[in-house]
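Take a look at the structure below.
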Amino acid sequence: MSRIYLDHNATAPLRAEARAAMIAAMDAVGNPSSVHAEGRAAKSIVEKARGQIAEAMGAMAADIVFTSGATEAASLACAGRDLQGADIEHDAVAAWIEPSLPVSSDGTVTVADPAHTALQMANSETGILQALPQGLAVSDMTQAFGKIPLAFDWAQVGMGLISAHKLGGPKGIGALVMPRGTDLAAQIKGGGQEMGRRSGTENVIAIAGFGAAAHAAARDLADGKWDQIEEFRNILEITLEDSAKSTIFVGKGARRLPNTSCFAVPGWKGETQVMQMDLAGVAISAGSACSSGKVRASRVLRAMGYDDATASSAIRVSLGVETTKDEVERFCEIWLRHYNKFRARAA
Numbered sequence: 002m003s004r005i006y007l008d009h010n011a012t013a014p015l016r017a018e019a020r021a022a023m024i025a026a027m028d029a030v031g032n033p034s035s036v037h038a039e040g041r042a043a044k045s046i047v048e049k050a051r052g053q054i055a056e057a058m059g060a061m062a063a064d065i066v067f068t069s070g071a072t073e074a075a076s077l078a079c080a081g082r083d084l085q086g087a088d089i090e091h092d093a094v095a096a097w098i099e100p101s102l103p104v105s106s107d108g109t110v111t112v113a114d115p116a117h118t119a120l121q122m123a124n125s126e127t128g129i130l131q132a133l134p135q136g137l138a139v140s141d142m143t144q145a146f147g148k149i150p151l152a153f154d155w156a157q158v159g160m161g162l163i164s165a166h167k168l169g170g171p172k173g174i175g176a177l178v179m180p181r182g183t184d185l186a187a188q189i190k191g192g193g194q195e196m197g198r199r200s201g202t203e204n205v206i207a208i209a210g211f212g213a214a215a216h217a218a219a220r221d222l223a224d225g226k227w228d229q230i231e232e233f234r235n236i237l238e239i240t241l242e243d244s245a246k247s248t249i250f251v252g253k254g255a256r257r258l259p260n261t262s263c264f265a266v267p268g269w270k271g272e273t274q275v276m277q278m279d280l281a282g283v284a285i286s287a288g289s290a291c292s293s294g295k296v297r298a299s300r301v302l303r304a305m306g307y308d309d310a311t312a313s314s315a316i317r318v319s320l321g322v323e324t325t326k327d328e329v330e331r332f333c334e335i336w337l338r339h340y341n342k343f344r345a346r347a348a
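Read in order, the letters of the sequence shown are residues 2 to 348 in my numbering.
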């Protein structure tokens, strides 16, 4: 029987549209900074993708600065700035902020000084969405982009971080979204590419895949595919809740991404569940993929007030546009089988 992939918040499978665009871009031999025909052809690929991403983001093409991923975008946005935030931020942002803001039990953050604050739009572990205050300095939009309707121009955010591989593009390419005229010091200096914000020859192939993936993601969102994904997520939670009464669903009453379910059975270690599911043919996670290999209680759940026993027992299941109802039902069957074994041992 084929494996079931339920870890889309870590990385979504490469979309067919992105693969096709990347293969086509391999034939572009020119440097996008060159003025000859070959260079202009490569530049055209980059600018087409920039436009596709901008359209999907509700931004202007000139707002998109390509980077190697959201982590580099975070460094570019946050370096040299005095920013505060909360302990629920992704490590890429948490490395640059003072984690002083309070987090409520439902995972939401109270912001007093937006101009000096970084606040994510959606949490990668819990899926909980934040209401972004106007004038916010920086927002990690990586998990929200392509999954919920958003428009950067309407959000009134100083800078936004996005990454291709979260919505079916290639790994190793992302962008900083920033309004034209924003004061920003380049961290990678050299030839002045990306409007002087990020030097270095653009990764034409990956950028082409990013643009195609963003375009396809926007189409899926408009077509209502994420409404169906939310239905599947709800089926999963109802099924487990009915049969595993001791299960704690994190953020269930809060606004969440439509594809994400974070839940815990205190005492049943998250990493143990991940290994058990993997051996049974199911890919899930026990937190942010960027923290993989670090066996510890979830920093996000602890910030929300959960004790160590619960925070270290949480797993995340994240669905995608290719997830089927049958896969969700098969996961529930497998997980409940192991849950019953855990309960029997604990009795």
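Built from N, CA and C at the ideal position, the CB exists for glycine as well.
Inter-residue distance for A304 and D88 is about 6 Å (C-alpha atoms, whole angstroms). G210 carries a helical assignment under DSSP once its states are collapsed to helix, strand and coil.
Secondary-structure assignment with DSSP links L130 through a beta bridge to A123. Each of A284, M276, G108 was checked against the Cα of Y307, and the nearest Cα belongs to G108.
Considering only N10, G136, D141, E99, the residue with the shortest C-alpha distance to A75 is D141. A direct Cα-to-Cα measurement between C333 and S319 gives close to 13 Å. Under the DSSP assignment, V139 falls in the beta strand (DSSP E) whose first and last residues are 137–141. Measuring C-alpha to C-alpha distances from S106 to each of A50, V301, W336 identifies V301 as the nearest. The beta carbon of P267 lies closer than 6 Å to those of A310, T311, S314 in the same chain, with the five residues before and after it left out.
Here the stretch 202–220 lies against the stretch 51–64, with 3 or more beta-carbon pairs under 8 Å apart. When only Cα atoms are considered, A187 and G321 end up about 35 Å apart. In the structure shown, T68 adopts extended strand secondary structure according to DSSP, grouped into three states. DSSP, reduced to helix, strand and coil, places V94 within a helical segment of the structure shown. Counting only the Cα atoms, E328 lies some 32 Å from A152. R220 sits in a helix when the DSSP states are folded into three classes. The beta-carbon distance between R317 and C263, rounded to whole angstroms, is 5 Å. This is short enough to meet the 8 Å contact definition. Residues of the same chain with a CB within less than 7 Å of the CB of S200, apart from the 5 flanking positions on each side, are A187, I189, K190, G191, G192, G193, Q194 in chain order.
Collapsing the DSSP output to three states places D107 in coil. Note on A63: under 16 other CB atoms within 10 angstroms of its CB, so exposed under the neighbour-count rule.
Residue pairing by DSSP places R20 opposite no residue, since no beta bridge is assigned to it. Taking a cut-off of 8 Å on C-beta distances, the stretch 148–164 touches the stretch 118–136, as three or more cross pairs fall below it. Scanning A255, S286, L185 for the CA closest to the CA of R82 turns up L185.
When secondary structure is reduced to three states using DSSP, R234 falls in the helix class. Counted as a single uninterrupted DSSP element, the beta strand (DSSP E) harbouring V318 occupies residues 315–319. Linking R234 to G197 through their CA atoms gives a straight-line distance of about 43 Å.
By the neighbour-count definition (other C-beta atoms within 10 Å, threshold 16), L280 is an exposed residue.
CA-CA distance, T261 to A284, rounds to 14 Å.
Inclusion of G169 and A19 in the CB contact set at 8 Å is warranted, their separation being smaller than that value. Of all alpha-carbon atoms in E323, N341, L337, the one lying nearest the alpha-carbon of R4 is that of E323. With respect to the 8 Å criterion, H117 and T12 are not classified as neighbours on the basis of their beta carbons.
A direct Cα-to-Cα measurement between G70 and G52 gives close to 18 Å. Nearest C-alpha to M23 among A80, A156, I174, E126: I174.
Straight-line spacing of the CA atoms in H339 and A347 works out to 12 Å. Counted as a single uninterrupted DSSP element, the alpha helix (DSSP H) harbouring I46 occupies residues 38–58.
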